[in-house]
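184 is the number that the numbering used here gives to position 183 of the sequence shown; each next residue is one higher, with no gaps.
Virtual Cβ for every residue (Gly too), placed ideally from N, Cα, C.
Right, one structure below, let's go through it.
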Amino acid sequence: MRKVTVTRVGRAAQAGREDVAAAEEPLDVRLQGQSFAIVMRTPGDDRALAAGFLFSERVIRTSDDIGAVEHCRHPDQAKAHHVVNVFLRGDAAAAALKHLEQRRRVVANSSCGVCGRASIDELRSDIPPLTASSRVHAAVISALPGMLRQRQVTFDETGGLHAAGLFDLSGTLVASAEDVGRHNAVDKVVGAMLLEDRLPLPHAILMVSGRVSFEIVQKAWLAGVPVLAAVSAPTSLAIDLAREAGITLIGFVRDGGFNIYAHEVRIIGG
């Protein structure tokens, strides 16, 4: 967070009022010592974010691929804080240069409208639909926003962050994260599980603030999470992908109710 000076207009109008803003700073995610991507994020859980991001990019497939994830050793601590080096091992290390070259081609190509579709097609050919027989009580789903909200400490002060939380089927919180980007928040919790060698997650629920895009469904599918819930709406492509992926997709979880858009068989009661 950073202190800022604002001018308040309307009720309680005040000039020169002190407020706090959510931090947004670049993180240089490096692969084998070479820059792979610059991610705009809220500082914190950077190792988990880097691991989760590379997992969602299919660079890392399992925790066995990871040799080390560490902040850059730089004499200038301010710079080191914004760089995370991910070193892969085994076959993943051998493939790292290929990933770096592919990344350069994507960045250099200004016509990248098919990238999302291509990533979905790769998932279809590589990962089967989730068949976990997990069952969740409707009351557990209804309680998730409140439990996640209790973990949004920075949001309380700034009003400017998204959140993601992983819960077990009884509604117990397993991991949570806040970030200016909802995708980053998901990468942080998935990355934390990856670093602890706890993926896949066939008995977990992923709860996110805001809406659900197809990228969020994609991340849940990769992590093996069978139930995905959100405070707001899913997009049409998110619904289509959830149905194909075998993911129970839930939206508008609020006021004791919710909508189920895909695979409602996992929800008990109502």
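Linking L98 to F37 through their CA atoms gives a straight-line distance of about 10 Å. Under the 8 Å Cβ criterion, the segment 120 to 133 does not count as touching the segment 189 to 197, having fewer than three qualifying pairs. Going by beta carbons, V266 and A231 fall outside the 8 Å limit.
S210 and N185 have their C-alpha atoms roughly 12 Å apart. The DSSP-derived three-state label of P146 is helix.
Secondary structure note for S177: its beta strand (DSSP E) is the uninterrupted segment 174 to 180.
Here E179 is not near H204, since their CB atoms are 8 Å or more apart. Excluding its 5 nearest sequence neighbours in each direction, L238 has C-beta neighbours in its own chain below 6 Å: F215, listed in chain order. Contact between H83 and L32 is ruled out by a C-beta separation of about 16 Å, above the 8 Å threshold. Under DSSP, S36 forms a beta bridge with R31.
Contact annotation, F168 with I206: C-beta distance approximately 5 Å; criterion of less than 8 Å satisfied.
Short of 6 Å from the beta carbon of A52, and not among the five residues preceding or following it, lie these beta carbons of its own chain, in chain order: V70, G192, L195, L196.
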